[in-house]
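The end of the sequence shown is residue 607 by UniProt numbering, with every number in the run present.
Structure record follows, encoded as structure tokens.
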Amino acid sequence: MQKQNTEEQQQDMPGNESKNGRKSLSILLELLKFVGPYKTKVFAALVALFFTAGLTLSVGHGVRLLIDEGFSQRSLSDLSSAIQFIVVVTICISIGTFFRFYLVSSVGERVSADIRLAVFNHVVTLHPSYFETNGSGDIMSRLTTDTTLLQSIIGSSFSMAMRSALMCIGAIIMLFATNVKLTLIVLASVPFILVPILVYGRRVRALSRKSQDSMSDVGSYAGEAIEHIKTVQSYSRESEEKASFSTEVERAYEIGRERVKQRAILISGVIVIVFGAISGMLWVGGSDVIHGKMSAGDLGAFVFYAIMVASSTATISEVFGELQRAAGATERLLEILNVESHIVAPENDALSTKGVSAEVSFDDVSFFYPSRKDSAAISQLNLIAEEGRVLALVGPSGAGKTTLFELLQRFYDPQKGAVKLGGVDVRRFDPKELRDTMALVPQQPALFSHDVFHNIRYGKPNATDEEVIEAAKKAHAHEFIVNLPQGYQSFLGEKGVRLSGGQQQRIAIARAILKDPTILLLDEATSALDSESEHHVQKALEALMKNRTTIIIAHRLSTIQHADQIAVLDHGRLVDVGNHAELLQSCDLYQRLVELQFKQGAREAIE
């Protein structure tokens, strides 16, 4: 099982310099565009925040009254008044906190959902070459783990940071108002607090990014093993997979442990410095009370505000580490959002496919895959699939047959030459409209974790149930579908795992029949069927192919011997074109393919 290499995958992504901590928390400002639509809720949360902060600061005044008026004066009435003041303030604080927490948390939930949607909506529009170098496991990690982290940050940590910062500033102002000398003692510790926050904060951020990448590797490895579980068990590789996965998990654990250690050092260091300053302040303040330079109530209020500064500072230092993680997550998400698709519609002069001939031509096409630039997949190829006729593509593995399908659907653009539809370069069409003219039946059918109706209707989303059933009948799938536990509403499982290979193929064929395309692309669409099913489906496909341009990637003689034209490919080059009888006489490669791959079919044809 090949391990996903996140670092290699990210070489093509912008913004990788952040791994070395060269970007600051300013990247979090990029989230404002997602928060903007909910500015009313954010404003209401800020109002609640200022309200509760002001009330919390007023508790210090209650402490002063409690000590000076209640205890010192030995007045039960004054004591009751002070207690009542504190109780009323506490109730108001709890109400304000409820609204602040609810509003901020709901915004966090909504923003994380919007980011998740934005990333997914962008990913499904990206060109296939992006996925050659970026694994699905890493992308899934960003869609789930990173957005969940941002949900926590926006809905909790960011609010705590703002509250703590506001409380810290307010408490410092109250400290100055209470006693300037003692305040200066407290503030003298600030530089000693900022230094570890900045130094260890950078380390935490770098480790946070590294931790998120390693967790992505863990998810990718597990997903790959589960996806190929039958192969794992068939080769008795369970023990090796367990050991390899354990290595991945331990690697992620070690990175996470180091990140937590750095955060722990940061938080504990800040607490020691802050409360050391408070201890010094208490000694000086206590001396002033003893010498009558300040009242006990003033010292009590001062201690309250000093503790508020200390706790706020400790909270900020802790949240700072969380914000560093959020910066790493934001960066990973923005890397995807900033990727531009290479396959886009023309900006101003896009043509419509309506009324365009269904003739397909490849004019002097040369192409190599972005991840394999040293090896041409297609080389100087000229080929025409005439409108309404059947063109079969044959050739050994790696000849370029599937690549032609991908170029025609414009998953890629050739580096040289042009792919044309009706004599028009396909780059002149909107890719979505171009693909709407085609239906693909792949050799390995793509089925979704949904019911039969959904999987067939994928070819035509607005189709009625009757149209779906009719398409299934034409694909000879209706008989087995009605025998499923819930018929057409039966859940097929991941990748259609509850169906046999032949049944999966017939569902895919029904989908293509329902789409009713002008161009039909068949990648050996009957390869997974038994002889009887193949006969029925072949008849259905023959009816479907009438008056349509059809291109078939073929391995079986029975599939292509009745094609109007057969194109023989080898190493991305066109070797010969003709019908079955002509190629048996003129093309050595085709003769070898017949002997090696279609031997039994050739004997039947000769007979």
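We put the beta carbon where it would ideally sit given N, CA and C, even for glycine.
Note that the coordinates shown come from a computational prediction; the quantities given were computed from them, not determined experimentally.
Boundaries (first-last residue) of the alpha helix (DSSP H) holding residue i
{"i": "T145", "result": "From DSSP, T145 is part of no alpha helix (DSSP H); its letter is neither H nor E."}
{"i": "N455", "result": "452 to 457"}
{"i": "A306", "result": "296 to 337"}
{"i": "A385", "result": "Run containing A385: none in the alpha helix (DSSP H); it sits in the beta strand (DSSP E), 378 to 385."}
{"i": "P180", "result": "In the sequence on display, residue 180 carries Val and not Pro. Per DSSP, V180 belongs to the alpha helix (DSSP H) from 180 to 187."}
{"i": "D576", "result": "D576 -> not in any alpha helix (DSSP H); beta strand (DSSP E) instead, spanning 573 to 578."}
{"i": "H478", "result": "478 to 481"}
{"i": "L32", "result": "32 to 35"}
{"i": "V468", "result": "465 to 474"}
{"i": "Q504", "result": "501 to 515"}
Distance, residue j Cα to residue i Cα
{"i": "H454", "j": "A439", "result": "16 angstroms"}
{"i": "L544", "j": "M215", "result": "48 angstroms"}
{"i": "G286", "j": "L299", "result": "8 angstroms"}
{"i": "Q489", "j": "V452", "result": "6 angstroms"}
{"i": "S352", "j": "V249", "result": "52 angstroms"}
{"i": "A301", "j": "T178", "result": "8 angstroms"}
{"i": "R592", "j": "H580", "result": "13 angstroms"}
{"i": "V270", "j": "P196", "result": "8 angstroms"}
{"i": "L393", "j": "L589", "result": "13 angstroms"}
{"i": "residue 688", "j": "G487", "result": "For residue 688 there is no data in the structure shown, the boundaries of the chain being 1 and 607."}
{"i": "K539", "j": "A475", "result": "9 angstroms"}
{"i": "P461", "j": "S312", "result": "55 angstroms"}
{"i": "A222", "j": "D213", "result": "14 angstroms"}
{"i": "H61", "j": "V303", "result": "12 angstroms"}
{"i": "R22", "j": "L522", "result": "Confidence is the limiting factor: at R22 the pLDDT is only 39, short of 50, which leaves the residue's position unreliable, though a coordinate-based value still follows. Each residue's alpha carbon lies about 50 angstroms from the other."}
{"i": "A327", "j": "V111", "result": "15 angstroms"}
{"i": "T330", "j": "F85", "result": "44 angstroms"}
{"i": "residue 663", "j": "S375", "result": "Any question about residue 663 goes unanswered here, given that the chain covers just 1 to 607."}
{"i": "L182", "j": "F158", "result": "30 angstroms"}
{"i": "L28", "j": "G36", "result": "13 angstroms"}
{"i": "S105", "j": "T90", "result": "22 angstroms"}
{"i": "L143", "j": "R116", "result": "6 angstroms"}
{"i": "E479", "j": "I469", "result": "10 angstroms"}
{"i": "L584", "j": "V594", "result": "8 angstroms"}
Three-state class that DSSP yields for residue i in the structure shown
{"i": "F367", "result": "strand"}
{"i": "T133", "result": "helix"}
{"i": "G21", "result": "For G21, the pLDDT reaches just 41, beneath the cut-off of 50, and the residue's location in the model is therefore unreliable, leaving the point undetermined."}
{"i": "L593", "result": "helix"}
{"i": "F448", "result": "coil"}
{"i": "S214", "result": "helix"}
{"i": "L194", "result": "helix"}
{"i": "F411", "result": "coil"}
{"i": "E607", "result": "Per-residue confidence for E607 stands at a pLDDT of 46, beneath the threshold of 50, marking its modelled position as unreliable; no derived number is given."}
{"i": "V426", "result": "helix"}
{"i": "S361", "result": "strand"}
{"i": "L117", "result": "helix"}
{"i": "L351", "result": "strand"}
Range of the contiguous beta strand (DSSP E) that encloses residue i
{"i": "V441", "result": "438 to 441"}
{"i": "Q262", "result": "From DSSP, Q262 is part of no beta strand (DSSP E) but of the alpha helix (DSSP H) over 238 to 290."}
{"i": "Q565", "result": "565 to 570"}
{"i": "T550", "result": "549 to 553"}
{"i": "K416", "result": "416 to 421"}
{"i": "V392", "result": "Looking at the sequence provided, one finds Ala at residue 392 rather than Val. Here the beta strand (DSSP E) through A392 covers 390 to 394."}
{"i": "I519", "result": "519 to 523"}
CB of residue i within 8 angstroms of CB of residue j, strictly
{"i": "L447", "j": "Q504", "result": "yes"}
{"i": "residue 635", "j": "E524", "result": "Outside the modelled stretch of the chain, which goes from 1 to 607, sits residue 635, for which no answer is possible."}
{"i": "L194", "j": "V186", "result": "no"}
{"i": "Y412", "j": "E132", "result": "no"}
{"i": "G155", "j": "V199", "result": "no"}
{"i": "Y305", "j": "A118", "result": "no"}
{"i": "D363", "j": "K420", "result": "yes"}
{"i": "E494", "j": "S449", "result": "yes"}
{"i": "L103", "j": "K39", "result": "no"}
{"i": "A252", "j": "M167", "result": "no"}
{"i": "I507", "j": "I456", "result": "yes"}
{"i": "S361", "j": "I384", "result": "yes"}
Tell me whether the segment 403 to 410 and the segment 315 to 335 touch, counting them as touching only if at least three CB pairs, one residue from each stretch, are closer than 8 angstroms. Cβ pair count under 8 angstroms is below three, so no.
Meets three-Cβ-pair contact criterion under 8 angstroms: the segment 344 to 362 and the segment 35 to 50: The segment 35 to 50 and the segment 344 to 362 do not touch, with fewer than three beta-carbon pairs separated by less than 8 angstroms.
How do the segment 34 to 47 and the segment 94 to 110 stand: do at least 3 beta-carbon pairs fall below 8 angstroms, yes or no? Verdict: yes, contact present.
For the segment 331 to 347 against the segment 413 to 430, do three or more pairs of beta-carbon atoms, one drawn from each stretch, fall closer than 8 angstroms, so that the two count as touching? With contact defined as three or more Cβ pairs closer than 8 angstroms, the segment 331 to 347 and the segment 413 to 430 are in contact.
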